[in-house]
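One structure is given here, and the rest of the page talks about it.
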Amino acid sequence: MILLCATRLLAQDTALPSGSININLAKDSPVTLVGMISNESRATARGAALVLDLHMALTFRNAGASRIHGVMLRVVSQEVTLGGKGSVTIPSMNIAPGEAFPVRIDMQLVRPTQMAGGPLVEVDLDGVLYQDLSFYGPDRMHSRRYLTACEVEAQRDREYLKRVLAQGGKEGLRQEIFQIGGRQQAAPLSVKVVPHGPAVTSAALPPEHPEKFAFVEFPDSPVEAVQGWAQVAGNEARAPNIEVRNRSAKPVKYVELGWVLTDQAGRQSVAASLPSAERDLYLAPDKTFTVRQDTTLRLFSNSGQPVNVQKMTGFVNQVEFADGKVWVPNRKSLQDPALLKAVAPSAEEQRLANLYNRGGIEVLVEELKKF
Amino acid sequence: MKHPNQATLALHAGGDLGFFARWRTERHLAQCESCRDEIAAFEGIRETLPELSEIPEIQWSRLAAEMKANVRLGLAAGECVGNGGSSARTTRLFTGARAAVALASIVTMVATGVLLQNTTPARADQRTVVQSTEDGIQVGTGDQAFRLMNTGVSADNVTLSVGAQGSMGARYVDPKTGYVTINSVYAE
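Residue numbers (the numbering used here), protein chains in the order written: chain A, 10 to 380; chain B, -11 to 176.
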């Protein structure tokens, strides 16, 4: 028995054997795996669970004939219990046919040790988005919609920055990048989410009451938010319900709203995106639908102190039509004072700002010319 | 002949040795039957381990206290017996019957520890909570949690996004690849 225990202790922190990670690519996959380094990955036994620290450096090659603009990988440890499913997405790419590109995965996953047999971690290709917005992949994680929205935002932001460059020159572009940096660091509030049902409320919280949403209207939005409310108590807001109407001429299959919370000091933050939950949503023109989620948000300052919810604002953040096309708000809409400090920079803005920080204005200008 | 230590043999049995250590150990094993037997024993243990992992974690501190109390009880009983009759030094330390009783006692203590552990389950909050941490994002239920690390990126350069359906994402520019990377976890 002592020997058994000692052996178990020895096994508590070990390197992952190479066979424990499976990279699954279909035979017709437009990307191929060129290399994988995972020798820093560790497995640590904790009671009845196994904690996997995954540090994988993967290299893929674009084996297709078109430029790749986005990739999503699905990472699964176990499907049934907490701690098993994640994804790693690389948007805003521009990978030519034959070109290789790296993807790093740094995750910590937990799985029960009694699930013996088979690889510890499975990495699947969930989707690839091309320059022309065509798509390849099983799309189990809705990567088509996600990558398309990222790409549409990227095109919008590149066009905007090109206009800034044309009108204001390099100095104008530099000032715009500074503003992106300021928005990146502006989030003054943090949020904890309890996905299902009310949280364990403290006796110190005031009684719950329904609070109405104020909506920011975007004139070009195909969907409008009609009315909505959520239950609010102290620093908690839960069970949001928002009625939306399709005012476009095309049927809609997905709506996502932004949910902005403001505290008593006037600090605001996009607390969450509020997606339509129904998998088979079909919202015909002029029809209404209620977006609801059984979820609770808790609002905190960045120092970790609970802050009371003073006001809630909603806006339509994304719409997917039945034909697969995706709408996102334009730049002018996002300049609304109610959103300006709350909405974070897009992935493309983040990439271009980073490019400027690393290489300066000339590198940024050259990058914009590539598109 | 210098033998590899027990840890090296255990790691070799599990296929967890590095290239050079494995090569050196295999050279030794080719000419050492006793170490080969040790390896075979470790491999047998590894087959037993999945079953062992299904046993709830034992509270060693509680078990140790109970063992200490039993040892004291045994010593006190020994003194009583010693006062009443023959000297302990004149008898053999372990007869077959005594060894069996001692083994049965240890097994009973371990079983009692396991049972006690099961009768007082932890009352952790079983709700799933999604939140940001200092160096990443985390999904947790009770004492289980997992985290996505923003490796080599300061918190100021990470954009967090929350899905009200129970997901969280961390977006940052990977300093090693230069690409925007979005890690997401799903609590549903």
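We put the beta carbon where it would ideally sit given N, CA and C, even for glycine.
- A residue is called buried when at least 16 other Cβ atoms come within 10 angstroms of its Cβ; A:L292 meets this threshold and is buried.
- The C-beta distance from A:E252 to A:G237 rounds to 6 Å, short enough to meet the 8 Å contact threshold.
- Pairing B:G151 with B:N138 gives a Cβ-Cβ distance that is not under 8 Å.
- Taking A:P231 as the centre and dropping the five residues before and after it, the same chain places the C-beta of S257, V328 and W336 closer than 6 Å to its C-beta, in chain order.
- Contact between the region 148 to 155 of chain A and the region 340 to 351 of chain A is absent: fewer than three C-beta pairs spanning the two stretches fall below 8 Å.
- Counting other Cβ atoms within 10 Å of its Cβ, A:S312 stays below 16 and is therefore classed as exposed.
- Interface annotation, B:L(-3): not in contact with chain A, CB-CB separation never under 8 Å.
- As the crow flies, the alpha-carbon of A:S199 is around 51 Å from that of B:V95.
- Taking a C-beta cut-off of 8 Å against chain A, the contacting residues of the region 116 to 127 of chain B are T116, V117, V118, Q119, S120 and V127, listed in chain order.
- Inclusion of A:T297 and A:R254 in the CB contact set at 8 Å is warranted, their separation being smaller than that value.
- Of all alpha-carbon atoms in B:M97, B:T165, B:R10 and B:G154, the one lying nearest the alpha-carbon of B:T116 is that of B:G154.
- In chain order, T116, V118, V127, G154 and S155 place their CB closer than 7 Å to the CB of B:A175, counting only its own chain and leaving out the 5 sequence neighbours on each side.
- Sequence-distant partners of A:S355 (beyond 5 residues in either direction) whose C-beta falls short of 6 Å from its own C-beta, in its chain, are E162 and D166.
- A distance below 8 Å between beta-carbons, with the five flanking residues on each side excluded, links A:P260 to the following residues of its chain, in chain order: Y291, L292, A293, P294, F330 and A331.
- Rounded to the nearest angstrom, the gap between the Cα atoms of A:V84 and A:M45 is 15 Å.
- Secondary structure in the region 51 to 83 of chain A: no alpha helix (DSSP H) run of 4 residues or longer lies completely within the stretch.
- DSSP, reduced to helix, strand and coil, places A:P284 within a strand of the structure shown.
- The region 185 to 195 of chain A makes contact with the region 356 to 367 of chain A; the number of CB pairs closer than 8 Å reaches 3 or more.
- When C-alpha distances from A:L138 are compared across A:T299, A:L118, A:C159 and A:L25, the shortest belongs to A:C159.
- Nearest neighbour of A:I77 by Cα position, chosen from A:S101, A:N366, A:V60 and A:D62, turns out to be A:S101.
- Neighbourhood of A:A351 in chain B, by CB distance below 7 Å: empty, with the nearest CB roughly 12 Å away.
- With a beta-carbon spacing of about 5 Å, A:L306 and A:A280 fall inside the 8 Å limit used to define contacts.
- In summary, A:D133 is buried, with 16 or more beta-carbon neighbours lying within 10 Å of its beta-carbon over all protein chains present.
- Contact between A:G95 and B:V89 is absent: CB atoms are separated by about 53 Å, not below the 8 Å threshold.
- Only those residues of the region 272 to 306 of chain A whose C-beta falls short of 7 Å from the nearest C-beta of chain B are listed: A280, A281, S282, L283, P284, A286, Q302 and T304.
- Runs of the beta strand (DSSP E) lying entirely within the region 127 to 158 of chain B, each at least 3 residues long, are 132 to 137 and 147 to 151 in chain order.
- At a cut-off of 8 Å between beta carbons, B:N(-7) makes no contact with chain A.
- A direct Cα-Cα distance of roughly 47 Å separates A:K179 from A:R51.
- Per DSSP, reduced to three states, the secondary structure at B:M55 is helical.
- Against B:D4, the close residues of chain A are T23, A24 and P26, in the order they occur along the chain (beta-carbon pairs closer than 8 Å).
- A:P128 places its beta carbon 8 Å or farther from that of A:S278.
- Chain A places no beta carbon closer than 8 Å to that of B:L91, leaving this residue out of the contacts.
- Between the alpha carbons of B:W11 and A:F309 lies a distance of about 55 Å.
- Going by DSSP, A:P249 is part of the beta strand (DSSP E) stretching over E245 to N255.
- Ranked by how close their Cα comes to the Cα of A:R113, the residues B:L136, B:A87 and B:E122 have B:L136 in first place.
- It is roughly 29 Å from the alpha-carbon of B:A9 to the alpha-carbon of A:E131.
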